[in-house]
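Following: one structure in structure tokens, then a few remarks.
4 protein chains.
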Amino acid sequence: MYDVIFEADTHAGRWFDIGLLLAILASIFFVSLETVDGYADNDWIQVAEWALTILFTIEYVLRLVCSRRPLRYALSFWGIIDLLSIAPGYLTLLIGSSSSALLTLRSIRLLRVFRVMKLWRMMNEANELSTAIWRARNKIVVFLSVVLVAVTISGSLMYHVETLMFNVDPEKKINTESDFTSIPQAMYWATVTMTTVGYGDVVPKTVIGKIISAALILLGYSLIIVPTGFVSAEMINAKGTMADDRTGCPICEATGHRSEAHYCYRCGSRMS
Amino acid sequence: MYDVIFEADTHAGRWFDIGLLLAILASIFFVSLETVDGYADNDWIQVAEWALTILFTIEYVLRLVCSRRPLRYALSFWGIIDLLSIAPGYLTLLIGSSSSALLTLRSIRLLRVFRVMKLWRMMNEANELSTAIWRARNKIVVFLSVVLVAVTISGSLMYHVETLMFNVDPEKKINTESDFTSIPQAMYWATVTMTTVGYGDVVPKTVIGKIISAALILLGYSLIIVPTGFVSAEMINAKGTMADDRTGCPICEATGHRSEAHYCYRCGSRMS
Amino acid sequence: MYDVIFEADTHAGRWFDIGLLLAILASIFFVSLETVDGYADNDWIQVAEWALTILFTIEYVLRLVCSRRPLRYALSFWGIIDLLSIAPGYLTLLIGSSSSALLTLRSIRLLRVFRVMKLWRMMNEANELSTAIWRARNKIVVFLSVVLVAVTISGSLMYHVETLMFNVDPEKKINTESDFTSIPQAMYWATVTMTTVGYGDVVPKTVIGKIISAALILLGYSLIIVPTGFVSAEMINAKGTMADDRTGCPICEATGHRSEAHYCYRCGSRMS
Amino acid sequence: MYDVIFEADTHAGRWFDIGLLLAILASIFFVSLETVDGYADNDWIQVAEWALTILFTIEYVLRLVCSRRPLRYALSFWGIIDLLSIAPGYLTLLIGSSSSALLTLRSIRLLRVFRVMKLWRMMNEANELSTAIWRARNKIVVFLSVVLVAVTISGSLMYHVETLMFNVDPEKKINTESDFTSIPQAMYWATVTMTTVGYGDVVPKTVIGKIISAALILLGYSLIIVPTGFVSAEMINAKGTMADDRTGCPICEATGHRSEAHYCYRCGSRMS
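Chains as they are written, first to last, in this note's numbering: chain A, 1 to 272; chain B, 273 to 544; chain C, 545 to 816; chain D, 817 to 1088.
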């Protein structure tokens, strides 16, 4: 039974994983559908939701029972995620659906979305990616800091330029209003712009504002490709290193062998 | 005749390919133009459309006749694409243009767009690209899963934040409405945002919503460059391997040697 | 004199280049300013425009005179660009500013914008970039073809989905209108979306349209990073090859030496 | 005391740095909050602002006192940034809050945003990034020039196409107006589009305009990935060189050897 639930090698374990995957996807689907107008109190969704909650409860109990160290599992990352997947259902019963508790209810139900995290457990490739992200964490912090500094400076600059220009040109001020109502708003604009998302809900409207904004976009864009290339370079090196780590010639110490290599490419000596 | 149609090496085969390319492009042009207001029932387009359908029919019949195994061709990927290119024209005749069948008609006509797939047959470089995409399929699945998980969590979070904030601030609720009407809508927003498309039809309107949204954008952006670098790294490694293919081992025919390799990594024999 | 104009090595040549650069930038500035409301018939701009035209005329004549093969220069890429820089000024005189010829006039004046091409002549790095683009031309064609095929298919699909959904749901049809008025419009949407520009002037409005659109965006985004990585890989290889091309050990034929290498890193023999 | 302030190695230096970091972040937070409606004249913010100004003044004085060469520090980059962090506070006192000086006041207060630059001093990784940006400066200039040329040409083209098409089609001209009111406006559009920001405040509205725009977007996008790959390649090469620095020649101390090098490329001496 331990094999079926925790390992994916056996035939039964495979089917268990596929079933769980479908249950997770269905759960996400129902949680989302519940918020769509007209489906909020749909009976079928309630039934499906409860069926899934019971299913996940059985899975949780089984994992607890099968596990050699139940407490350690319960306190592990996956244990908490598994608990969060079922708790909201039972908490709803406790609180009841009295209208006064609606807000609390909503927040609790949000937790069900973490069921999507269960997907990770099934992906082998994800481990490699997590390792890659973990290795690149310093670069990501630097990247975020660069963006933060750039966002603060360009946001403040644009806020002053736009409000100043609207003050100078009294005619325009009457017709339209600056979208840059405050520095946080301007920083929101800078974030949305520098990441090239560009919603268009906050845009410069004065001529000077547009010129400075175009200059900032170009500058920001050419600055942002440097940390991006940085992270890419890190990934490429990491991949290279990973490949190298597995093998190294015991005779001539040459590195960079293919993972399937039997003989050293430089000295031709046999490798284990 | 087989040479002319299936091979591009001969002079006649070249011209056949160029003619086919022009016919495909013209076909796409007419299919598109048909939907533009005022061109829908244009006689010239109908004539051109029929001329192209007949041309593609001749091509299909010739391919069937020339092919050594007609059935195998008919059931192959290209055979089905070729059939889909001509079928809608004849099906339209069968159904007639009675107004009640308009919807079915429209769906059938959509199939003609697959003619554009015929372009692939002409591109040699495309094979290399298909191989590259095929090799990177695991990475793409991981990438899509990462985005899916991120979209689900950030979408749900933003939906709750925006609706909560609009509930808290009753004044704003009257003036405007939250764009985040449901979780699927919020997930649509998250998808559009994380891929940096940023239409701007769904945007956060509350202050807290904007702050969380800016944080999510930055986080999403810095997370997304990691899988992007991952895929790039995969492509670069793939290319390196492909380039090395030229120096194959003369004994065991193993490929993928490093450019400076003296000995085959598989059999250990000396290479020039 | 030939040295001054065609070479940048001498002191005078340097100053000539800097002067020309400023003249080009000023010219672009005035051409742009002319179209801004209220500056159209500004006398100062007209004077500056004529001064620059005369300056560029002198430059053109000097280049013709100095050149060893005037005709060859006149018919070369740069010769034509230089001619296009001055021709519109004189053609305006010929046509006159009669209101009937305004449209022709406007088209001719557009040609002045090609003056910006003169910038290229001054950039050494640009040659390296041109070479890189030229080497990657096959990849770019493949990339554009992939995008074209994807744009055609997803555009057609979305057009049918959106118009169909608006037909099915009669209530919505009254309130709003689908942005997907025709297949070319839908292809415009697909282009704007797949390149992650995302203006937001054409957006899906039905629920099904949004779901399919989100799926297409994700698919498109994950497909587009493959050719992007492809081109990056090409650039990285090209750079590697360029560095390698300069040097190769005459004894052991090892490649990949640094450009400043005096000795082979493998066998230690002296390299020229 | 010098150690505490200028070095981060000691225990006290660490805490000093963390305290300073929090002070900078709090300062940015208050400067931003001040511009939000309803918080402008909040007493608490004024108090916090003054507390931070006094804190930064103490830091500045301490640095001046501790520094071995006070004048050199005062005129250095960090000295000026540190001065700009405190000057606005005292200048505000000098000018007073008379309404006539409001504009000058606002400009002075903008300077406080440069406090965010202080963050850089704390980041070790940032040095590596600065070096990388500095190495790639030529590429960035080329990249910006390419974008500038592309922006100028495509902007001018679109301006003429859109205004011409609106002239040709008199019906449309009445209903809507072209967003391309001038060439600078069109260049703003081109910048926003080519960097894939895509606000959507300036969009083509005529059919021809949309077709040309879609073509320009595709062309621009496929051209822009080349310089992007270029910069990435530069970063990757730079990283490779940096990684190799560890294996320096024991004789001539040359750095940047390949990882498999047996002989120094400069002096030819054997390396372990």
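From the three backbone atoms N, C-alpha and C, an ideal C-beta is built for every residue, glycine too.
Outcome for residue i when other beta-carbon atoms lying within 10 angstroms are tallied against a minimum of 16
i               : result
H11 of chain A  : exposed
Q185 of chain A : buried
T468 of chain B : buried
R68 of chain A  : exposed
G563 of chain C : exposed
L868 of chain D : buried
G753 of chain C : buried
T750 of chain C : buried
D898 of chain D : buried
G38 of chain A  : exposed
T35 of chain A  : buried
P70 of chain A  : exposed
Cβ neighbours of residue i in the same chain (closer than 7 angstroms, five flanking residues each side left out)
i               : result
V967 of chain D : M1003, A1006, T1007, M1010
R953 of chain D : none
V685 of chain C : none
L33 of chain A  : Y39, I45
CA-to-CA distance, residue j to residue i, given in whole angstroms
i                : j               : result
K411 of chain B  : S722 of chain C : 36 angstroms
F288 of chain B  : I624 of chain C : 37 angstroms
D1061 of chain D : L218 of chain A : Caution is warranted here: a pLDDT of 43 is assigned to D1061 of chain D, below 50, making its placement in the model unreliable, and the coordinate value is therefore given only provisionally. Whole-angstrom Cα-Cα distance: 33 angstroms.
S213 of chain A  : I602 of chain C : 37 angstroms
G427 of chain B  : F114 of chain A : 12 angstroms
V319 of chain B  : T979 of chain D : 34 angstroms
I45 of chain A   : A23 of chain A  : 14 angstroms
K445 of chain B  : F438 of chain B : Caution applies to K445 of chain B, whose pLDDT of 48 falls short of 50 and renders its modelled position unreliable; the value that the coordinates give is listed next. The straight-line gap from Cα to Cα measures roughly 5 angstroms.
W866 of chain D  : L935 of chain D : 20 angstroms
V146 of chain A  : Y604 of chain C : 46 angstroms
Y73 of chain A   : L64 of chain A  : 7 angstroms
W350 of chain B  : F301 of chain B : 21 angstroms
L157 of chain A  : L216 of chain A : 10 angstroms
N314 of chain B  : I326 of chain B : 19 angstroms
I133 of chain A  : G492 of chain B : 13 angstroms
Segment limits, alpha helix (DSSP H) that includes residue i
i               : result
L899 of chain D : 893-911
D313 of chain B : First-last for D313 of chain B: undefined, no H or E at that position.
L111 of chain A : Where L111 of chain A is concerned, there is no enclosing alpha helix (DSSP H), given that its DSSP letter is neither H nor E.
G285 of chain B : 283-305
P728 of chain C : 727-738
Contacts around residue i, its chain only, beta-carbon distance under 6 angstroms, and the 5 residues preceding and following it disregarded
i               : result
R384 of chain B : V303, P360
T725 of chain C : none
Residue i: contacting residues in chain D (beta-carbon distance under 8 angstroms)
i               : result
T468 of chain B : T1012
A214 of chain A : M1003, Y1004, T1007, V1008
Check: residue i C-beta below 7 angstroms from any heavy atom of the ligand GDP
i               : result
A346 of chain B : Among the components modelled here there is no ligand, and therefore nothing to report on the ligand GDP.
Interface residues of chain B facing residue i [CB-CB closer than 7 angstroms]
i              : result
I28 of chain A : T424
Neighbour list for residue i in chain A, Cβ cutoff strictly below 7 angstroms
i               : result
G744 of chain C : G200
V419 of chain B : Going along chain A, no residue has its Cβ under 7 angstroms from V419 of chain B, so there is no contact; the nearest lies around 12 angstroms.
K390 of chain B : By Cβ distance, chain A contributes nothing, its closest Cβ being about 34 angstroms from K390 of chain B, past 7 angstroms.
Partners in chain C for residue i, counting only beta-carbon separations shorter than 7 angstroms
i               : result
L356 of chain B : Ordered by position in chain C, no residue passes the 7 angstroms Cβ test against L356 of chain B, which lies about 12 angstroms from the chain.
Contacting residues, own chain, Cβ-Cβ under 8 angstroms from residue i (five flanking each side not counted)
i                : result
Y1015 of chain D : V1008
K431 of chain B  : Per the sequence shown, residue 431 of chain B should be read as Tyr rather than Lys. Result list for Y431 of chain B: F452, S454, I455, Q457, A458, in chain order.
I630 of chain C  : T597, F600, T601, Y604
A570 of chain C  : A592, L596
Interface residues of chain A facing residue i [CB-CB closer than 8 angstroms]
i               : result
D853 of chain D : T181, S182
Where residue i meets chain C, residues with beta-carbon distance less than 8 angstroms
i               : result
S339 of chain B : In chain order: nothing, as chain C lies at least about 25 angstroms away.
M437 of chain B : The contacting residues do not exist; M437 of chain B stays about 23 angstroms from chain C at best.
Y975 of chain D : T579
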